[in-house]
Amino acid sequence: MERMPSRERLVPLSFQRWPIRWKLAIVSASLTFAILLIFGGIVGEVATTRIRSDFNRDLEEAATRLVSRTRIVERTFSEPVVFSPNLAAVSLPNGATAKVVNAEGTVLDEAPKLSPDLGPPSAGIGNAGDLTVATEPVFGPNNEVVGYIQYGRSDDHVDSTVTRLWLFIVLGILGGTALAVLAGVALARRAMRPIATLTSTAQEIAATRDPSKQLPQPTAEDEVAELTHTLQEMLNALDASQTEREAAMQKQREFVADASHELRTPLTSILANLELLEAQLGKVDYGEERELAASAVRSSQRMSRLVSDLLILARSDAGQNRPKTDVDLAEIAMSAGREISPSLGERSLLTECQPAPVHGNQDELHRLVLNLLDNAVRYSPDGAEISLATRCDSAAGTAVLEVADSGPGIPGKMRERVFERFVRGQSSSDTAASNGTGLGLAMVRAIAASHGGTVTAESSERLGGARLVVSLPALKSPDQPPGKRGQAWRRTTPPPS
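With the first letter of the sequence shown counted as 1, position 262 gets the number 278 in this note's numbering; the numbers rise by one all the way through.
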């Protein structure tokens, strides 16, 4: 059994994409056009019939008047005699033609002379060429038909009148349809104005993510007002839910920050005791016990780093900024380079640090640089080269910190995700799987954001690996000579003091 096409398939796809105001206008205009077309057709047909009927009646009346003034006398041995009227003296309007014929059709009189043939006489209305002919019989003394009066006139002016009538009807239909379109658009636009206001407000709420904004109140109690009240109730519910969620999240952030802060003291104590125990066991030949103590020390160090990372991230989420002072990013970078040098192994660290004064927290910026260097060390193989550079971009008004390596680099699809929490890359030289927390670069972004800066991951053109760039607002200070700050460190040589 063949299925009937659905209504959606019958409607062109392009029409479905039109604005509602135009759909309403087109539908109303189509209905108006159909009504006007039917009405105009009926009126035009009636008027045309009436015009032609009036024309035919005029012809019949003119022929009847001539009959009333005409008398034909039949004579046995001679031609019939026509008594009045004298057709030549009769005024025939609009180029009309009149003929007097006997019963056999012989023309007895005509006006004008040599007028066109009006055809054989037959009572009623007929056509002869482009003439419409009205034929009326003439009765004799014995009430017998002794002749006919033929009265013909061109119907060109009737056709012209009918043509003008239909032209006016067509123009009226088209004009009425055009007015219906304009009126439909105006009415639809006015009817859709509250919807447009709701849409504008909804877009503003979507842009600001502020569900507390009030929707404009409608002036009429209709379907739009019902929709407005429903949307307002939904926004109020979302606002209440968001407020509750933000309060819960704020309490959670504060709890994590407080818990991380409180955990640092016992962890520091545990780590110190374990390091002391490891040192004591090292003086005596307790190999297995000393290895257990060393393992506990490593686990405690990892837990201490994790708690420190969580504390920084929790403070960033809670908006708890630590005190800031004017510092030199170059000095902080050199200090972090000295601290990371024991972990370089066979890797080399090249520094080129020019003065870059910023306003920030020295401990957090030190941790930012240290995390970037630690990330480069973890994902670079032995023998790789790592570069650390700082400079001041006076054109952009920023202090720039760059850490690049000759490792495998960061895939393009991972360059944004690496700054998310607990996201780690994959590399054959990666040691983060065993020692890392997956929070290093997340901390870098959080610290940079708390200082009004940004961090991006790129590809190093010189070294071929990853290149991480941190941009922070620079302090306006007098130009300083860059000085000689470039150094090269390797784990195989004693780190600089």
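For each residue, glycine too, the CB sits at the ideal point set by N, CA and C. It should be emphasised that the depicted structure is a prediction, and the values quoted were computed from it without experimental measurement.
Candidates the options: closest to residue i by CA position
{"i": "Gly163", "options": "Ala212, Val83, Leu183", "result": "Val83"}
{"i": "His245", "options": "Pro232, Leu254, Arg37", "result": "Pro232"}
{"i": "Leu491", "options": "Gly481, Phe435, Asp342, Thr284", "result": "Asp342"}
{"i": "Trp182", "options": "Thr65, Ser466, Ser69, Ser131", "result": "Thr65"}
{"i": "Ala420", "options": "Val434, His382, Glu477", "result": "Glu477"}
{"i": "Gly56", "options": "Thr215, Thr193, Leu479", "result": "Thr193"}
{"i": "Gly191", "options": "Leu455, Leu484, Pro397, Leu53", "result": "Leu53"}
{"i": "His382", "options": "Arg354, Ser44, Gly121, Ile189", "result": "Arg354"}
{"i": "Ser61", "options": "Ser44, Asp171, Val178", "result": "Checking the displayed sequence, the identity of residue 61 turns out to be Glu instead of Ser. Closest option to Glu61, Cα to Cα, is Val178."}
{"i": "Leu243", "options": "Ala218, Ser396, Leu297", "result": "Ala218"}
{"i": "Asp238", "options": "Ile211, Thr259, Ala352", "result": "Ile211"}
{"i": "Glu152", "options": "Leu214, Arg85, Arg206", "result": "Arg85"}
{"i": "Phe184", "options": "Thr48, Glu304, Ala63", "result": "Ala63"}
Cβ-based neighbour list, residue i, same chain, cut-off 6 Å, excluding 5 preceding and 5 following
{"i": "Ser444", "result": "In this prediction, Ser444 has a pLDDT of 47, which is less than 50 and means its spatial position is unreliable; what the coordinates show is noted afterwards. Result list for Ser444: empty, nothing under 6 Å."}
{"i": "Ala41", "result": "Val197, Gly200, Val201, Ala204"}
{"i": "Ala392", "result": "Ile402, Val419, Asp421"}
{"i": "Pro128", "result": "none"}
{"i": "Ser5", "result": "With the chain covering only 17 through 513, there is no way to say anything about residue 5."}
{"i": "Lys340", "result": "His375, Gly376, Asn377"}
{"i": "Ala79", "result": "Ala150, Glu152, Ile165, Tyr167"}
{"i": "Phe49", "result": "Thr193"}
Neighbourhood of residue i by C-beta, 7 Å cutoff - its chain only, sequence neighbours within 5 removed
{"i": "Gly168", "result": "Ala112, Thr113, Leu134, Ala144, Leu147, Thr148, Val149"}
{"i": "Ser44", "result": "Ala196, Gly200"}
{"i": "Val434", "result": "Ile426, Gly441, Leu457, Ala473"}
{"i": "Val240", "result": "Pro210, Ile211, Pro234"}
Rounded C-alpha distance that separates residue i from residue j
{"i": "Glu77", "j": "Leu198", "result": "49 Å"}
{"i": "Pro358", "j": "Ala253", "result": "56 Å"}
{"i": "Arg532", "j": "Asn158", "result": "The first residue shown for the chain is 17 and the last is 513, placing residue 532 beyond what the model contains."}
{"i": "Gly423", "j": "Ile402", "result": "9 Å"}
{"i": "Ser316", "j": "Ser475", "result": "35 Å"}
{"i": "Leu457", "j": "Trp34", "result": "48 Å"}
{"i": "Leu290", "j": "Ser320", "result": "13 Å"}
{"i": "Met208", "j": "Asp226", "result": "25 Å"}
{"i": "Glu160", "j": "Gly188", "result": "53 Å"}
{"i": "Ala139", "j": "Ala119", "result": "12 Å"}
{"i": "Arg437", "j": "Ala462", "result": "10 Å"}
{"i": "Ser257", "j": "Ala223", "result": "19 Å"}
{"i": "Ala411", "j": "Leu360", "result": "35 Å"}
{"i": "Leu214", "j": "Leu247", "result": "9 Å"}
{"i": "Ser176", "j": "Lys115", "result": "26 Å"}
{"i": "Ser396", "j": "Thr259", "result": "45 Å"}
{"i": "Ser450", "j": "Pro282", "result": "Because the pLDDT of Ser450 is 44, which lies under 50, any placement of that residue in the model is unreliable, and the question is left without a value."}
{"i": "Pro132", "j": "Asp70", "result": "24 Å"}
{"i": "Arg261", "j": "Met430", "result": "30 Å"}
{"i": "Leu75", "j": "Asn110", "result": "12 Å"}
{"i": "Leu292", "j": "Ala263", "result": "44 Å"}
{"i": "Leu47", "j": "Lys39", "result": "12 Å"}
{"i": "Glu294", "j": "Asp344", "result": "38 Å"}
{"i": "Ile58", "j": "Glu249", "result": "54 Å"}
Whether residue i touches residue j by CB criterion (9 Å)
{"i": "Leu384", "j": "Leu417", "result": "yes"}
{"i": "Asn72", "j": "Ile141", "result": "yes"}
{"i": "Glu432", "j": "Ala473", "result": "yes"}
{"i": "Glu466", "j": "Glu362", "result": "Residue identity differs from the one stated: residue 466 is Ser in this sequence, not Glu. Cβ atoms of Ser466 and Glu362: not closer than 9 Å."}
{"i": "Val460", "j": "Asn377", "result": "no"}
{"i": "Asp171", "j": "Arg68", "result": "yes"}
{"i": "Pro137", "j": "Gly156", "result": "no"}
{"i": "Asp255", "j": "Ser228", "result": "yes"}
{"i": "Ile221", "j": "Leu251", "result": "yes"}
{"i": "Ser487", "j": "Asp409", "result": "yes"}
Beta-carbon separation (whole angstroms), residue i vs residue j, contact threshold 8 Å
{"i": "Gly428", "j": "Gly481", "result": "So it is not a contact: roughly 14 Å between Cβ atoms."}
{"i": "Ala372", "j": "Ala400", "result": "Not quite, the Cβ-Cβ distance comes to about 25 Å (not below 8 Å), so this is no contact."}
{"i": "Gln370", "j": "Arg338", "result": "No, Gln370 and Arg338 are not in contact; Cβ-Cβ is about 26 Å, not under 8 Å."}
{"i": "Asp390", "j": "Ile356", "result": "6 Å"}
{"i": "Leu479", "j": "Val471", "result": "About 18 Å; that fails the 8 Å criterion."}
{"i": "Val117", "j": "Leu124", "result": "6 Å"}
{"i": "Ala309", "j": "Leu297", "result": "6 Å"}
Beta-carbon contacts of residue i that lie in its chain and below 8 Å, excluding the five residues immediately before and after
{"i": "Pro489", "result": "Val374, His375, Gly413, Thr414, Ala415, His467, Gly468, Gly469"}
{"i": "Val186", "result": "Gly56"}
{"i": "Thr284", "result": "Ser320"}
{"i": "Glu126", "result": "Leu103, Thr113, Ala114, Lys115, Val116"}
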